[in-house]
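Encoded as structure tokens, the structure appears first; notes follow it.
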Amino acid sequence: MYDITLIKPIILKESLDDMPQQQKATALKLLNTRKVLTINRHGIQILPRNDLPLQSGQLYCTGSEAVILYRQSLGLPGRAIKTIPVNEILHHTHCYIIAEDILFFLKTVSSRNKYLTRLQSINAPFLIQRNEYMKLQHDVERLQNNRFLDSPIRREVRYPDPDHPGRYRTENIPRASLCDIDFQLLRDPEDSGIAV
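The structure is reproduced here in structure tokens:
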């Protein structure tokens, strides 16, 4: 299988743990698009999304791109994920059920990435592209750690009922993700980020 090269870099929420609490809170607001990072002749500014003045000659960033630039302005490494090494992930997986769950998440990330590439190629409106980029962010978060999110994606497991021979029980359990096989998407934080 081919590696997945993401159309835009993604930074995971758990990658922000090296930041002081107040800076991490700002980074999370940028990641969740509640705030916008602007770059103009005065430098970098972080504004609430609703207070954004529309001026020409000003660059606006949200999501992972904004967080990467914000971290670099603080002298921290970008910690962005640009490529997902599919073959390396599958070589770490030694259980069929776990491999099936991880392939489910890999397929979701790949499909979303292709869709976002298509949206860019047809010059879809910025709002639609931004929303799909946020969905790609969540898909990569789920791939890394499905249990980390508030509502993990689950699968149904059916097994024999020990109390009633011939009957089966079903249970919904969270799908396995990369954290279950001790695999980290980001291993070299110094070598990732966006050149400013």
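Position one of the sequence shown corresponds to residue 39 (the numbering used here), numbered consecutively onward. Beta carbons: idealized from backbone N, C-alpha and C, even for Gly. Keep in mind that this is a model prediction, so the values were computed, not measured.
Shortest alpha-carbon distance to residue i belongs to which of the options?
i, options, result
"Cys217", "Ile211, Ile191 and Arg185", "Arg185"
"Asp41", "Pro123, Ile82, Ile119 and Lys73", "Pro123"
"Leu107", "Gln83, Tyr206, Asp139 and Tyr153", "Gln83"
"Arg168", "Pro200, Asn70 and Pro58", "Asn70"
"Arg87", "His80, Val74 and Asn78", "Val74"
"His176", "Leu144, Pro200 and Gln158", "Leu144"
"Lys46", "Gln158, Arg205 and His80", "Gln158"
"Thr100", "Arg79, Thr155, Thr121 and Phe164", "Phe164"
Can you grab the Cα-Cα spacing for the pair residue i / residue j, in whole Å?
i, j, result
"Asn125", "Arg117", "22 Å"
"Leu97", "Arg150", "25 Å"
"Leu44", "Lys67", "22 Å"
"Asp55", "Gln222", "15 Å"
"Lys152", "Tyr197", "37 Å"
"Ile77", "Tyr206", "60 Å"
"Ile36", "Arg72", "This structure does not reach residue 36, given that the chain is present from 39 up to 234, and the question cannot be answered."
"Asp220", "Glu103", "26 Å"
"Arg156", "Pro203", "52 Å"
"Gly81", "Ala162", "29 Å"
"Ser215", "Asp188", "15 Å"
"Asp201", "Leu154", "50 Å"
Taking the alpha helix (DSSP H) that residue i belongs to, which residues open and close that run?
i, result
"Pro169", "Note on residue identity: the sequence assigns Asn, not Pro, to residue 169. Start and end: Phe164 to Gln182."
"Gln110", "Gly101 to Ser111"
"Glu126", "Val124 to His129"
"Asn151", "Tyr134 to Ser159"
What distance in whole Å lies between the Cβ atoms of residue j and residue i, which are believed to be in contact at a cut-off of 8 Å?
i, j, result
"Val178", "Val147", "6 Å"
"Ile119", "Leu224", "5 Å"
Following the continuous beta strand (DSSP E) through residue i, name the residue where it begins and the one where it ends.
i, result
"Ile84", "Gly81 to Pro86"
"Thr71", "It is not in any beta strand (DSSP E) - Thr71 carries neither H nor E in the DSSP assignment."
"Pro212", "Tyr206 to Pro212"
"Lys51", "No beta strand (DSSP E) contains Lys51, which DSSP labels as neither H nor E."
"Tyr197", "Arg192 to Pro198"
Could you tell me whether the Cβ of residue i comes closer than 7 Å to any Cβ of chain B?
i, result
"Tyr134", "As a matter of chain content, chain B is missing from the structure shown, which is built from one protein chain."
Contact the segment 180–200 vs the segment 48–57: 3+ CB pairs below 8 Å: The answer is yes - the segment 48–57 touches the segment 180–200, with three or more Cβ pairs under 8 Å.
query: Touching or not, the segment 123–137 and the segment 103–112, by the rule of three or more beta carbon pairs under 8 Å?
result: no
query: Touch check for the segment 190–197 and the segment 205–220: three-plus C-beta pairs under 8 Å?
result: yes
message: With three or more beta-carbon pairs closer than 8 Å as the criterion, would you say the segment 55–72 touches the segment 130–137?
response: no
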